[in-house]
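52 is the number of the first residue of the sequence shown in my numbering; add one for each residue after it. I have placed the structure first, in the form of structure tokens, so that the comments after it can refer back to it.
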Amino acid sequence: MGGGAAIGALGGLGLFLMGMTVMSEALRALAGSRLRTWLLRFTRTPWSGALIGAATSAALQSSSATTVATVGFVQAGLISFPSSLGIIFGANVGSTGLGWLVALLGLKLDLAGLMPPLIALGACLRLLGRGRLAQIGFALAGFGVLFLGIGTLQEAMAGHGVLLQPERFDGASVAGRFQLVLLGLLTTVITQSSGAGVATALTALTAGAIDLGQAGALVIGMDVGTTITAQIAALGANLSARRTAAAHLVFNLATAVMAFLLLPAYLGLGQRWLAGPIAADPEFALTAFHTGFNLLGVALLLPFTSSFAHMIQALLPAPDGRAADDLDEPPSADTGRALDLAQTAQQRGLLELMRHLRQALGAAASNGQRRAAGLEDLEADLARIEQFLDQIHLRRLDEPEAQQLLHLLHSLDHLQRLHERCEEEPERASTVRQSGALQRERQDLLAALEQLEPLVEAQQWGEVARRSQATGRSLHRRVKPLRQGVMAEVANGSVEVELASQRLEAIRWLRRVSQHLGRISGHLEAAALARGSGAPPCPTMSPG
């Protein structure tokens with residue numbers, strides 16, 4: 052590959068990653084109740100998710116569009132990792148529609164050619180629109196840049212794939228077919244388009260340059276090669292998005308192994324029963340094989356989607372267990388069990404945030420990048436818990452269950468707010484650590500966090516609520532004297548205004564952190580009482 056082609060390929064990769072980032076951020080901003088409800092409705096079961104994935108890929112004539120968008124949805128917290136699996140499975144089947152179109156009509160939709168107008172439309176909406184309309188424009192522009200990047204990659208790689216000549220390999224032997232599978236995989240990785248590879252294989256087969264066995268092995272490899280797009284999309288993403296990309300790879304590998312083993316039988320049956328039609332129209336035989344082994348793979352794996360999800364989670368485990376790892380998908384029909392799982396997930400999330408705060412307020416705070424990555428994963432987990440509770444909310448509940456759900460929704464709201472406070476941590480916690488006037492408050496909060504952690508682990512919510520709310524009240528009483536002290540120092544010139552502003556922000560940060568801890572524990576106590584007593588609980592604090 053020449054220098055120009057290499058630079059073009061790097062530029063295409065950069066466009067792809069930028070488009071993925073922009074689209075994911077816009078989707079996160081658009082994550083309102085309507086979009087979440089729509090996604091939950093159509094991905095409630097693996098079967099419905101597979102239908103959506105197949106239809107989307109067939110409409111766009113690109114499985115990359117579907118898989119990349121799905122990784123983006125998971126990254127943005129709009130759907131969970133288990134919910135994404137049906138879409139990923141179905142995308143493989145939908146992608147075979149392009150082969151039928153090429154075989155029937157010899158046409159191919161040029162997605163990259165359609166992207167500049169889409170980017171222009173998105174930019175106009177972003178610049179001229181307001182609110183959700185502007186975010187829709189941002190998402191459209193990101194989607195367009197993403198596929199413009201893929202098109203740039205294809206253009207940069209044009210001519211390099213033709214150097215790989217499949218007719219040199221023996222399609223009748225196992226070794227030759229395996230080499231052809233690798234060749235198909237490499238061709239798709241180089242060209243960034245399995246559709247282009249399949250179309251090339253169909254053309255070569257029709258022209259008589261290769262036989263059906265060679266073409267079949269090539270499309271098996273191309274099916275595996277198309278997973279590279281999702282792997283790139285998951286670079287730097289959170290754990291759930293990386294699991295989605297890994298599931299795509301594992302599923303395609305498993306389907307490829309099955310197809311490789313079935314190819315000799317397919318060729319044998321074809322020669323025995325359909326030799327004439329295959330000789331006359333070999334492109335339809337290849338397209339039928341491509342669609343057939345993908346359909347068979349989906350049909351075999353869909354009933355075991357839950358077990359497959361657990362396997363991927365075991366392959367990519369979270370450090371010390373993720374908060375939302377044990378949530379069912381969809382929630383268990385036993386509403387009491389589902390609510391208990393949600394409460395346990397919130398308990399884990401609270402523990403993670405408390406440990407994060409202890410590290411941030413410690414004498415020598417370190418591992419900032421690791422803590423930031425942990426916060427990003429926890430954000431996705433909290434979004435996952437919210438989806439889980441949303442699905443339970445659609446059911447008819449008796450009074451104790453409704454009360455438990457109400458308090459879990461309240462506590463989740465404060466968990467998400469506490470997570471936002473932790474995202475502010477680098478500057479605020481640094482000010483708290485360095486300010487001599489705030490050392491008493493810092494030590495009190497650290498001591499409270501140290502005492503609360505074992506109580507939270509033991510689910511002693513009454514004691515947790517009592518202690519955390521006492522700490523919150525104590526810190527709240529000191530806010531006014533602390534603020535007055537800072538303002539007095541500004542007035543006499545002993546403290547610069549910028550430093551004083553940082554101290555005031557740090558004081559407010561301490562108060563908000565302590566308040567959220569108290570309200571989270573109070574609502575979790577009330578949720579536990581509702582579950583245990585079977586009667587509406589009387590919370591020890593006002594809801595908020």
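Ideal Cβ placement from N, Cα and C applies to all residues, glycine included.
Assuming residue i and residue j make a contact with CB atoms under 8 Å, what is their CB distance in whole Å?
i, j, result
"Ala-291", "Ala-431", "The identity of residue 291 in the sequence shown is Ser, whereas the question assumes Ala. Yes, they are in contact, since the Cβ atoms of Ser-291 and Ala-431 sit about 5 Å apart, within 8 Å."
"Gly-523", "Glu-576", "Going by Cβ atoms, the distance from Gly-523 to Glu-576 rounds to 14 Å, so no, they are not a contact pair."
"His-407", "Thr-118", "At roughly 32 Å, the Cβ-Cβ gap does not stay under 8 Å, so His-407 and Thr-118 are not in contact."
"Leu-197", "Gly-70", "3 Å"
"Leu-412", "Leu-497", "5 Å"
"Thr-94", "Ile-130", "6 Å"
"Met-309", "Leu-347", "7 Å"
"Val-597", "Ala-307", "Within the shown structure, residues of the chain are numbered from 52 to 595, placing residue 597 beyond reach of any answer."
"Ala-336", "Gly-321", "6 Å"
"Leu-366", "Ala-297", "7 Å"
"Val-125", "Thr-295", "5 Å"
In chain order, what residues of the same chain lie with their CB nearer than 6 Å to the CB of residue i, ignoring the 5 residues before and after it?
i, result
"Trp-560", "Arg-479"
"Leu-533", "Ile-558"
"Ala-499", "Thr-522"
"Gly-188", "Gly-173, Leu-176, Arg-177, Gly-180"
"Ala-266", "Ala-252, Leu-256, Leu-337"
"Leu-489", "Val-483"
Kindly list the residues whose CB is nearer than 7 Å to the CB of residue i, restricted to its own chain and excluding five residues on each side of it in sequence; keep chain order.
i, result
"Gly-104", "Thr-117, Gly-137, Ile-138, Ile-139, Phe-140, Gly-141, Ala-142, Gly-145"
"Glu-600", "What the structure shows of the chain is the stretch from 52 to 595, and residue 600 is not part of that stretch, so it cannot be assessed."
"Leu-401", "Leu-466, Val-507, Ile-571"
"Gln-397", "Ile-436, Leu-459, Ser-462, Leu-463, Leu-466, Leu-575"
"Thr-121", "Ser-135, Ile-138, Ile-139, Thr-295"
"Ser-565", "Leu-496, Thr-522, Gly-523, Leu-526"
"Ile-363", "Arg-294, Ala-297, Ala-298, Val-301"
"Arg-563", "Arg-472"
Under DSSP, the alpha helix (DSSP H) around residue i begins and ends at which residues?
i, result
"Ala-509", "Ala-509 -> no alpha helix (DSSP H), and no H or E assigned at all."
"Ile-130", "Taken as a continuous stretch (DSSP letters only), Ile-130 belongs to no alpha helix (DSSP H), as it is neither H nor E."
"Ala-339", "333-352"
"Val-275", "263-276"
"Arg-447", "Note, Arg-447: premise wrong, no alpha helix (DSSP H); not H, not E."
"Arg-409", "386-412"
"Thr-280", "279-284"
"Leu-366", "356-366"
Express the C-alpha separation of residue j and residue i in angstroms, rounding to a whole number.
i, j, result
"Ala-551", "Arg-484", "15 Å"
"His-211", "Gln-230", "Unreliable placement is indicated for His-211, whose pLDDT of 48 sits below 50; the coordinate value is still reported in the next sentence. Going by the C-alpha atoms only, they are around 18 Å apart."
"Ile-279", "Gly-173", "27 Å"
"Val-530", "Ser-481", "18 Å"
"Met-166", "Ile-58", "21 Å"
"Ala-581", "Leu-463", "16 Å"
"Leu-503", "Ile-443", "29 Å"
"Pro-315", "Phe-439", "45 Å"
"Gly-343", "Tyr-317", "10 Å"
"Ser-115", "Met-273", "13 Å"
"Leu-312", "Ala-268", "10 Å"
"Val-548", "Gln-535", "14 Å"
"Gln-282", "Arg-517", "47 Å"
"Gln-520", "Gln-467", "18 Å"
"Gln-510", "Arg-528", "28 Å"
"Ser-525", "Val-515", "15 Å"
"Ala-578", "Ala-284", "39 Å"
"Met-538", "Leu-469", "27 Å"
"Arg-493", "Ser-545", "23 Å"
"Gly-164", "Gly-65", "18 Å"
"Pro-168", "Thr-203", "16 Å"
"Met-405", "Asp-391", "21 Å"
"Glu-403", "Asn-543", "42 Å"
State buried or exposed for residue i, treating a residue as buried only when at least 16 other CB atoms are found within 10 Å of its CB.
i, result
"Cys-473", "buried"
"Phe-355", "exposed"
"Asn-303", "buried"
"Arg-491", "exposed"
"Pro-368", "exposed"
"Asn-596", "Since the first residue of the chain shown is 52 and the last is 595, residue 596 is not available in this structure."
"Gly-182", "exposed"
"Asp-449", "exposed"
"Asn-345", "buried"
"Arg-447", "exposed"
"Arg-293", "buried"
"Leu-429", "buried"
"Leu-263", "buried"
8 Å is my cut-off, CB to CB: does residue i come that close to chain C?
i, result
"Glu-508", "No chain C appears in this structure, which consists of one protein chain only."
Using a Cβ-Cβ cut-off of 8 Å (strictly less than) and excluding sequence neighbours within five positions of residue i, which residues of its own chain qualify?
i, result
"Ile-170", "Leu-191, Ala-192, Gly-195, Val-196, Leu-199"
"Gly-157", "Because the pLDDT of Gly-157 is 46, which lies under 50, any placement of that residue in the model is unreliable, and the number read from its coordinates should be weighed accordingly. Excluding positions up to five away in sequence, the list is empty."
"Ala-101", "Gly-137, Ile-138, Phe-140, Gly-141, Val-144, Val-349, Leu-353"
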